[in-house]
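Asker:
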Amino acid sequence: MAYSEKVVDHFNNPRNMGSFKKEEDGVGTGIVGAPECGDVMKLQIKVENDTIVDAKFKTFGCGSAIASSSLATEWLKGKTVEEAGKIKNTDIVQELNLPPVKIHCSVLAEDAIKAALADYQKKADSK
Amino acid sequence: MNGHIHNTDDRRELQMARSMCWHCQSEMAGEYFCDRCVKVQPVSKDLDYFTCFGLPRRLALNPQTLETKFYELSRAFHPDFYQNKSDEEQTISLGNSAMLNTAYRTLRDPIQRAEYLLDLEAGSVKDIRTTPPADLFEEILELQDTLDEFRASDRASESASTLRTKLHADRATLEQRQRDIEAQLLQLFSRWDALQDRGEATEQARTERGRILKEMRDILSNRTYVKNIVNDLVATIA
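Protein sequence lines correspond, in order, to chains B and L.
First residue of the first sequence: 1, per my numbering; consecutive thereafter.
First residue of the second sequence: 1, per my numbering; consecutive thereafter.
(1) Could you name the residues of chain L that B/Val40 contacts, counting a contact when the two beta carbons are closer than 7 Å?
(2) Anything in chain L within Cβ reach of B/Phe60, meaning under 8 Å, just list it in chain order.
(3) Below 8 Å, can you find three or more Cβ-Cβ pairs linking the region 5-12 of chain B to the region 31-51 of chain B?
(4) Specify, as a first and last residue, the run of the beta strand (DSSP E) that B/Ile31 falls within.
(5) Check the Cβ of L/Ala134 against every Cβ in chain B and list those closer than 7 Å, keeping chain order.
(6) Is there a C-beta anywhere in chain B that falls below 9 Å from the one on L/Met1?
(7) Just list the beta strand (DSSP E) runs in the region 96-127 of chain B, keeping only unbroken ones of 3 residues or longer that don't cross its boundaries, in chain order.
(8) Could you check whether L/Leu120 and L/Leu59 sit closer than 9 Å to each other, using their CB atoms as the reference points?
(9) Just checking: is the beta-carbon of L/Arg105 within a distance shorter than 9 Å of some beta-carbon in chain B?
(10) Kindly give me the distance between the Cβ atoms of B/Phe11 and L/Gln144, rounded to whole angstroms, as I take these residues to be in contact under 8 Å.
(11) Can you name the start and end residues of the alpha helix (DSSP H) that L/Val234 belongs to?
(12) Locate the alpha helix (DSSP H) running through L/Asp148, then write down its first and last residues.
(13) So, is L/Glu139 buried or exposed, given that buried needs 16 or more other C-beta atoms within 10 angstroms?
(14) Round the Cβ separation of L/Tyr104 and L/Phe81 to the nearest angstrom and send it over; I've been treating them as touching at under 8 Å.
(15) For L/Pro133, count the other beta carbons within 10 Å of its own beta carbon; 16 or more makes it buried, fewer makes it exposed. Which is it?
(16) Would you check if there are 3 or more beta carbon pairs closer than 8 Å linking the region 101-118 of chain B to the region 39-46 of chain B?
(17) For chain B, find out if any of its Cβ atoms is closer than 9 Å to the Cβ of L/Arg217; answer yes or no.
(18) Please state whether the Cβ-Cβ distance between L/Arg155 and L/Leu233 is less than 9 Å.
(19) Among residues of its own chain, excluding the 5 on either side of L/Glu13, which ones have a beta-carbon nearer than 8 Å to its beta-carbon?
(20) Please state the DSSP three-state secondary structure of L/Ala114.
(21) Could you have a look at B/Asp9 and say whether DSSP puts it in helix, strand or coil?
(22) Just checking my contact of B/Lys58 with B/Val27 at CB under 8 Å: how many whole Å lie between their CB atoms?
(23) Do B/Ser70 and B/Leu98 come within 9 Å of each other at the CB atom, strictly closer than that value?
(24) Do you know whose CA, among B/Tyr3, B/Glu74, B/Gly18 and B/Val101, lies nearest B/Cys37's CA?
(25) To the nearest angstrom, how far is it from the Cα of L/Asp135 to the Cα of B/Pro35?
(26) Identify every residue that forms a DSSP beta bridge with B/Val81.
(27) Buried or exposed: which applies to L/Leu147, given that a residue is buried once 16 or more other Cβ atoms fall within 10 Å of its Cβ?
(28) Closest to L/Arg223 by C-alpha separation, out of L/Ala238, L/Ala205 and L/Arg179, would be which residue?
(29) What residue does the alpha helix (DSSP H) around B/Asp54 start on, and which one ends it?
(30) Between which residues of its own chain and L/Cys52 is the CB-CB distance below 6 Å, once the five residues before and five after are set aside?
(31) Mind checking whether L/Arg164 and L/Ile237 have CB atoms under 9 Å apart?
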């Protein structure tokens, strides 16, 4: 199986790799894993006035998992929290042209986005 | 992974459907061959691997018993013995052999066997989803950072050698963790088998069943995460 050009590009030049401090104001952190393949993904968003101003990721896994999370952070920037919640794994599959065996990577990315948003919301609500 | 989920009603229907010989239409009593016309019968794709080998759904398994049964069925289904038979029989022989090989490979390996059992039982247990091990994830990502740092470092430098020492220590810790996980699994296996052997249908037994399966699911997942990071670690510092 060959990776699509877009996957290779994200893999070789991952966007927004890194992390924010979890405790930082407006930061939401989502850490998820895929028990089938053992991939682990951390995705963080930084929110100001309901808009995601920055996003970062760290992924331990295959090329498709890295590409999926890299793409997700790119898409997240500039979106409102509500818009971000609408990103679907199928959008990622389509953009990266993922083969059926790699669809779970995109699911992982969607889960990571959801977890990061939930974490952000929880922090915001507890204030 | 999720291709083996069974529904009890479906299975009953399938077994009914295949209780008639495809060739002479007489009712079937035997397992794989018609009693009347002796034609080979297709093994239903929905027949689970344990049943296929005539084994109870237990996790401890005598490899010798499994192998003996595998050879016996292999001989019965092998395409070589069907070269002069009808097209239908040749197709059945091929299909059965393929299914048998997959079944044998799956049951032979204890981990795959447990994963398979979980798939089989997934329908009967609600919420078999895993609880993500947050601490383990943090640890893995942290270790990943150290690995990246090591990969980028000049191998001859002092900092690289400090990193290497740390990574070796991490490796030892993780490998111990792997051994602990396997021990935990074995314990769960015997708890499951004991429960199966008792064969109780009480509410209490059902709850215990669900608990064991969920625990097994979690431990197997953790095992995969740890195994992955260990492989990466070993490949990097080797």
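Beta carbons are placed, not taken as given, at the ideal position from N, Cα and C, and that holds for glycine.
Answerer: Taking the structure as given:
(1) In the first sequence, residue 40 of chain B corresponds to position 40, counting from 1. Phe137, Ile140, Leu141 and Tyr225, listed in chain order.
(2) Taking the first residue of the first sequence as 1, we reach residue 60 of chain B at position 60. Chain L residues near B/Phe60: Ile140, Leu141, Gln144, Asn228, Ile229 and Asp232.
(3) No: the two stretches stay apart, fewer than three of their Cβ pairs being nearer than 8 Å.
(4) Numbered from 1 along the first sequence, position 31 holds the residue referred to as residue 31 of chain B. Counted as a single uninterrupted DSSP element, the beta strand (DSSP E) harbouring B/Ile31 occupies residues Val27 to Ala34.
(5) Counting from 1 along the second sequence, the entry for residue 134 of chain L is found at position 134. Ordered by position in chain B, the residues that pass the 7 Å Cβ test against L/Ala134 are Ile31.
(6) The residue given as residue 1 of chain L occupies position 1 in the second sequence. A caution first: L/Met1 carries a pLDDT of 41, below 50, which makes its placement in the model unreliable, though a value can still be read off. Closer than 9 Å to some Cβ of chain B, the Cβ of L/Met1 qualifies, so yes.
(7) none
(8) Start at 1 with the first residue of the second sequence, and residue 59 of chain L comes out as number 59. Start at 1 with the first residue of the second sequence, and residue 120 of chain L comes out as number 120. No; because the gap between Cβ atoms is not below 9 Å, this pair is not in contact.
(9) In the second sequence, counting from the first residue as 1, residue 105 of chain L sits at position 105. Answer no: the Cβ-Cβ gap between L/Arg105 and chain B never drops below 9 Å.
(10) For the purposes of this step, residue 11 of chain B is taken as the residue at position 11 of the first sequence. For the purposes of this step, residue 144 of chain L is taken as the residue at position 144 of the second sequence. Incorrect: roughly 15 Å between the Cβ atoms, too far for contact.
(11) Against the second sequence, residue 234 of chain L aligns to sequence position 234. Here the alpha helix (DSSP H) through L/Val234 covers Glu203 to Ile237.
(12) Taking the second sequence and counting its residues from 1, one reaches residue 148 of chain L at position 148. Where L/Asp148 is concerned, the enclosing alpha helix (DSSP H) stretches over Ala134 to Ala152.
(13) The residue labelled residue 139 of chain L in the question sits at position 139 within the second sequence. Flag for L/Glu139 reads buried.
(14) Residue mapping note: residue 104 of chain L aligns to position 104 of the second sequence, counting from 1. Residue mapping note: residue 81 of chain L aligns to position 81 of the second sequence, counting from 1. So it is not a contact: roughly 18 Å between Cβ atoms.
(15) On the second sequence, residue 133 of chain L is found 133 positions in, with the first residue counted as 1. Buried, by the Cβ-count rule.
(16) yes
(17) What you label residue 217 of chain L is simply residue 217 of the second sequence in a count that begins at 1. L/Arg217 counts as touching chain B.
(18) Indexing the second sequence from 1 puts residue 155 of chain L at position 155. Indexing the second sequence from 1 puts residue 233 of chain L at position 233. No, the Cβ-Cβ distance between L/Arg155 and L/Leu233 is not below 9 Å.
(19) To locate residue 13 of chain L, count along the second sequence from 1; it is residue 13. Reliability fails at L/Glu13, whose pLDDT of 41 lies under 50, so the model's placement of it is uncertain and no value is given.
(20) Numbered from its first residue, the second sequence carries residue 114 of chain L at position 114. Of the three classes helix, strand and coil, the one that applies to L/Ala114 here is helix, per DSSP.
(21) Against the first sequence, residue 9 of chain B aligns to sequence position 9. The answer is helix: DSSP assigns B/Asp9 an H, G or I state.
(22) One-based indexing of the first sequence puts residue 58 of chain B at position 58. One-based indexing of the first sequence puts residue 27 of chain B at position 27. Contact between B/Lys58 and B/Val27 does not hold, since the beta-carbon distance rounds to 14 Å and is not under 8 Å.
(23) The residue labelled residue 98 of chain B in the question sits at position 98 within the first sequence. The residue labelled residue 70 of chain B in the question sits at position 70 within the first sequence. It is not a contact, given that the beta carbons lie outside the stated cut-off.
(24) As a working mapping, residue 37 of chain B is identified with position 37 in the first sequence. The shortest C-alpha separation from B/Cys37 is found at B/Val101.
(25) What you label residue 135 of chain L is simply residue 135 of the second sequence in a count that begins at 1. What you label residue 35 of chain B is simply residue 35 of the first sequence in a count that begins at 1. Separation of L/Asp135 and B/Pro35 (C-alpha to C-alpha, rounded to the nearest whole angstrom) is 15 Å.
(26) Counting from one through the first sequence, the residue named residue 81 of chain B turns up at place 81. Answer is none; B/Val81 lacks a bridge partner.
(27) The sequence position of residue 147 of chain L within the second sequence is 147, counting from 1. L/Leu147 is buried by the Cβ-count criterion.
(28) As a working note, residue 223 of chain L is residue 223 in the second sequence. Checked all of L/Ala238, L/Ala205 and L/Arg179; the closest Cα to L/Arg223 is L/Arg179.
(29) On the first sequence, position 54 is the one that residue 54 of chain B refers to. Segment Thr51 to Phe60 is the beta strand (DSSP E) holding B/Asp54; no alpha helix (DSSP H) there.
(30) To locate residue 52 of chain L, count along the second sequence from 1; it is residue 52. Around L/Cys52: Ala103.
(31) The residue given as residue 164 of chain L occupies position 164 in the second sequence. The residue given as residue 237 of chain L occupies position 237 in the second sequence. Closer than 9 Å, so yes.
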